[in-house]
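Notes follow the structure.
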Amino acid sequence: MRLCTSFTITLAFTALFLSACGSSTSPTIRTGPQLQHPVTPGPNNIPATPGQALAQ
Amino acid sequence: MAVAAGFTPEEFGAALFPNASASNSLSRPMALFQTVCLDNAPDIEAIANAAARNGLDVERPSPGQVFALEWTDTSFASVQVNIDSAYASECATTGATAQTVSSEAVRDAFFGALGTSHARGTSMTSFGGSAYNITHHMEDGGALGVNEHAFMLQSPTP
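Respectively, the protein sequence lines represent chains W and B. With this note's numbering as the guide, the letters of the first sequence map in order to residues 240 to 295. With this note's numbering as the guide, the letters of the second sequence map in order to residues 171 to 328.
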C-alpha cells in the first residue's frame with residue numbers, strides 16, 4: 240500500500256502531495272521511518288586566521 | 171512545526187483539504203474497506219469493479235493490481251490492491267484526517283464498526299479458506315498538518 244505523506248513531508252509542496260497520490264506510477268512510497276537526509280558540510284574556505292591575508 | 175514558505179501545518183492542511191472535518195474524513199475509507207475490500211476479496215476484478223461503482227477513478231497498473239483514487243476538497247481516499255505490498259494479497263484503503271484525531275480513536279471506530287477486537291491495530295480473521303490480517307496504520311503527516319491512515323486486508327496467500 241502506498242502512502243502519500245511519507246514522500247511529501249520532506250518536500251512540503253502541495254503539488255508533490257498531489258502527484259504522489261495521483262497515480263500508481265508516481266514515486267514508490269513505503270511506510271516506515273522517514274528518510275534522513277545526510278548533512279555533508281561543504282569545504283571550509285574561510286582562512287583560519289582572517290587577519291593573515293590583510294597582513295600580507 | 172513550520173513548513174516551507176512560512177505556512178503553518180494548519181494552513182497547509184487547509185490548502186489540501188479546504189472543507190475537511192476531523193469527524194467525517196475517515197468515514198469514506200472505512201466504508202470502502204468494507205464494501206470494496208471485505209465484500210470482494212480476494213477477487214481482484216470484483217474489487218476493481220466495486221471501486222468504480224463507488225465512484226473512484228480506477229487504474230490497473232497490472233492485472234494483479236488496482237490503484238483507485240478519489241480526491242475532493244473534503245476528503246482523500248484510495249483503494250489499493252497489491253501496491254507496494256509484501257503480502258501475496260493485500261487490499262487497502264487510505265484516507266487523511268486532522269492530526270487532532272488520535273490513532274487510538276481511529277482504531278476504536280474502525281474495529282468497532284467491524285465488530286471485532288484488535289491488538290495494537292491488528293485483528294485476524296479468515297474467510298474463503300484463507301487467513302487474513304486486518305490492520306490499521308497511521309502515518310504522521312508532520313508538517314502537512316494531516317495524518318494519513320491505511321486500513322488493510324492482508325493475506326500470505328494470493
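Glycine included, C-beta positions come from ideal geometry on N, C-alpha and C. Note that the structure is predicted; figures quoted are calculated from it, not measured.
{"Query": "Roughly how many angstroms lie between the CA atoms of glycine 299 of chain B and serine 195 of chain B, to the nearest whole one?", "Result": "33 Å"}
{"Query": "Can you give the beta carbon distance from histidine 306 of chain B to glycine 291 of chain B, rounded, assuming they're within the 8 Å contact cut?", "Result": "4 Å"}
{"Query": "Roughly how many angstroms lie between the CA atoms of threonine 264 of chain B and serine 325 of chain B, to the nearest whole one?", "Result": "18 Å"}
{"Query": "Going residue by residue through the segment 186-272 of chain B, where are the continuous beta strand (DSSP E) segments of at least 3 residues, counting only ones entirely within it?", "Result": "227-229, 236-241, 246-251, 259-268"}
{"Query": "What does the alpha-carbon distance come out to for the pair methionine 269 of chain B and cysteine 243 of chain W?", "Result": "Strictly speaking, residue 269 of chain B in this sequence is glutamine, with methionine absent from that position. Glutamine 269 of chain B and cysteine 243 of chain W: Cα-Cα distance of roughly 15 Å."}
{"Query": "Is it true that the segment 250-262 of chain B meets the segment 212-219 of chain B, where meeting means three or more beta-carbon pairs spaced less than 8 Å apart?", "Result": "yes"}
{"Query": "Excluding the 5 residues preceding and the 5 following histidine 288 of chain B in the sequence, name in chain order all residues of the same chain whose CB lies nearer than 8 Å to its CB.", "Result": "Arg277, Phe281, Ile304, His306"}
{"Query": "What is the DSSP secondary structure of leucine 242 of chain W, reduced to helix, strand or coil?", "Result": "coil"}
{"Query": "Tell me which residue opens and which closes the beta strand (DSSP E) that threonine 292 of chain B is part of.", "Result": "292-297"}
{"Query": "Figure out for me which residue from B:Gly312, B:Ala279, B:Ala262 has the closest Cα to the Cα of serine 197 of chain B.", "Result": "B:Ala279"}
{"Query": "Going along chain W, which residues have a C-beta under 7 Å from isoleucine 304 of chain B?", "Result": "Going along chain W, no residue has its Cβ under 7 Å from isoleucine 304 of chain B, so there is no contact; the nearest lies around 13 Å."}
{"Query": "Comparing the C-beta of serine 248 of chain B with each C-beta of chain W, is any distance below 9 Å?", "Result": "yes"}
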